[in-house]
DNA sequence: AGGCTACTTGCAAATCATTTGCATCTTTAG
DNA sequence: CTAAAGATGCAAATGATTTGCAAGTAGCCT
């Protein structure tokens, strides 16, 4: 039974990415979050334990991880223009976004037949798709009653 | 039978927006484009005819028009981080995006029952959603065979 | 037609997210 | 243990978008 740190190191080695303190720390934060996070979130989360970590290093590694297929970059279209990053786990899914607190939850994919239909109708080669649903989470519903 | 300029002026008046040379020109570009456009696209399109128009004015009016329900802002997640804006015409729809030429086609909405299900399962208040399908259009399929 | 007032614009500087150049440090293969 | 390749810190650059402020203009009221 491997602990998280070992699992992260294995992922990096499998992808032929050098192990650095920073990279391990970044991936730990992402694993722990269990939801898409921003570069700034990662940076802030690590300020206490890794005060020398720079935001540019976070961004550089986001790029690297996306390129290596470890992460996926999302453009959620939330008020700010920050990009979110999430682990590419096995299964295809989508996102439910709270427009108050910007938190993000995973959703199953409701397309499928729809894609077939589009493919026939338009003759496009379909490559990928994304579904985003915006709402207000139960927690924010309470606090925005004021 | 109204011409385009008159139609635009009517829209602005209906929304209680002051008529300015800049606003009319901006909306003309958007109407003519018949697809989502960026602020920079609008700005460039107007440099010849309205050389004094500033990009900040375009952005300010994009904001205004979105707020008044004339336009909708899209985050398409295309390589650059530019925002796209489209006219809010009649009905709710979605987008099929060609990843080669960045052209955008409208799609019918495939959600509906799915939203009901999500609402029950998560207790979120659902506000809006977006579906984007990425692919390669028939035209680009030919030219990318090379 | 002229004038007032509030709203707009141009302009320049600020801001925000993200990227990049460069010198210094660290990882890893031998 | 050591050198070379690659990574990081730092600071400055970039690109998109926003903002403060003074000057300009639309729309209303004589």
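Protein chains in written order, with the numbering used here: chain A, 1 to 146; chain B, 1001 to 1146. Even for Gly, the Cβ is constructed at its ideal location relative to N, Cα and C.
How would you call residue i, buried or exposed, if buried means at least 16 neighbouring beta carbons within 10 angstroms?
{"i": "residue 1137 of chain B", "result": "buried"}
{"i": "residue 15 of chain A", "result": "exposed"}
{"i": "residue 1092 of chain B", "result": "exposed"}
{"i": "residue 1051 of chain B", "result": "exposed"}
{"i": "residue 1139 of chain B", "result": "exposed"}
{"i": "residue 1030 of chain B", "result": "buried"}
{"i": "residue 1150 of chain B", "result": "Outside the modelled stretch of chain B, which goes from 1001 to 1146, sits residue 1150 of chain B, for which no answer is possible."}
{"i": "residue 1143 of chain B", "result": "exposed"}
{"i": "residue 13 of chain A", "result": "exposed"}
{"i": "residue 1129 of chain B", "result": "buried"}
{"i": "residue 1101 of chain B", "result": "exposed"}
{"i": "residue 1025 of chain B", "result": "buried"}
{"i": "residue 1135 of chain B", "result": "buried"}
{"i": "residue 45 of chain A", "result": "buried"}
{"i": "residue 1123 of chain B", "result": "exposed"}
{"i": "residue 127 of chain A", "result": "exposed"}
Taking the beta strand (DSSP E) that residue i belongs to, which residues open and close that run?
{"i": "residue 1098 of chain B", "result": "1094-1098"}
{"i": "residue 126 of chain A", "result": "125-136"}
{"i": "residue 5 of chain A", "result": "Per DSSP, residue 5 of chain A belongs to no beta strand (DSSP E); it is in the alpha helix (DSSP H), 4-14."}
{"i": "residue 1072 of chain B", "result": "1071-1074"}
{"i": "residue 1105 of chain B", "result": "1104-1107"}
{"i": "residue 86 of chain A", "result": "84-87"}
At the level of alpha carbons, what is the spacing between residue i and residue j?
{"i": "residue 61 of chain A", "j": "residue 133 of chain A", "result": "28 Å"}
{"i": "residue 119 of chain A", "j": "residue 1131 of chain B", "result": "15 Å"}
{"i": "residue 6 of chain A", "j": "residue 85 of chain A", "result": "22 Å"}
{"i": "residue 1076 of chain B", "j": "residue 72 of chain A", "result": "15 Å"}
{"i": "residue 105 of chain A", "j": "residue 41 of chain A", "result": "16 Å"}
{"i": "residue 1037 of chain B", "j": "residue 96 of chain A", "result": "26 Å"}
{"i": "residue 1019 of chain B", "j": "residue 1032 of chain B", "result": "19 Å"}
{"i": "residue 48 of chain A", "j": "residue 1082 of chain B", "result": "34 Å"}
{"i": "residue 1059 of chain B", "j": "residue 1098 of chain B", "result": "25 Å"}
{"i": "residue 23 of chain A", "j": "residue 87 of chain A", "result": "14 Å"}
{"i": "residue 1065 of chain B", "j": "residue 1004 of chain B", "result": "17 Å"}
{"i": "residue 1117 of chain B", "j": "residue 121 of chain A", "result": "28 Å"}
{"i": "residue 39 of chain A", "j": "residue 56 of chain A", "result": "9 Å"}
{"i": "residue 74 of chain A", "j": "residue 35 of chain A", "result": "12 Å"}
Looking at the C-beta of residue i, does it have a partner C-beta in chain B at a distance below 7 Å?
{"i": "residue 134 of chain A", "result": "yes"}
{"i": "residue 114 of chain A", "result": "yes"}
{"i": "residue 104 of chain A", "result": "no"}
{"i": "residue 75 of chain A", "result": "yes"}
{"i": "residue 66 of chain A", "result": "no"}
{"i": "residue 88 of chain A", "result": "no"}
{"i": "residue 129 of chain A", "result": "yes"}
{"i": "residue 81 of chain A", "result": "yes"}
{"i": "residue 137 of chain A", "result": "yes"}
Hey, does residue i have any beta-carbon neighbour from chain A nearer than 7 Å?
{"i": "residue 1141 of chain B", "result": "yes"}
{"i": "residue 1039 of chain B", "result": "no"}
{"i": "residue 1145 of chain B", "result": "Bear in mind that a pLDDT of 49 at residue 1145 of chain B, under 50, signals an unreliable position, so the number given afterwards is only what the model happens to contain. Judged by the 7 Å Cβ criterion, residue 1145 of chain B is not in contact with chain A."}
{"i": "residue 1069 of chain B", "result": "no"}
{"i": "residue 1110 of chain B", "result": "yes"}
{"i": "residue 1125 of chain B", "result": "yes"}
{"i": "residue 1036 of chain B", "result": "no"}
For the alpha helix (DSSP H) holding residue i, just list the boundary residues, first then last.
{"i": "residue 26 of chain A", "result": "21-33"}
{"i": "residue 67 of chain A", "result": "55-67"}
{"i": "residue 44 of chain A", "result": "39-46"}
{"i": "residue 218 of chain A", "result": "Only positions 1 to 146 of chain A appear in the structure, and residue 218 of chain A is not among them; the question remains open."}
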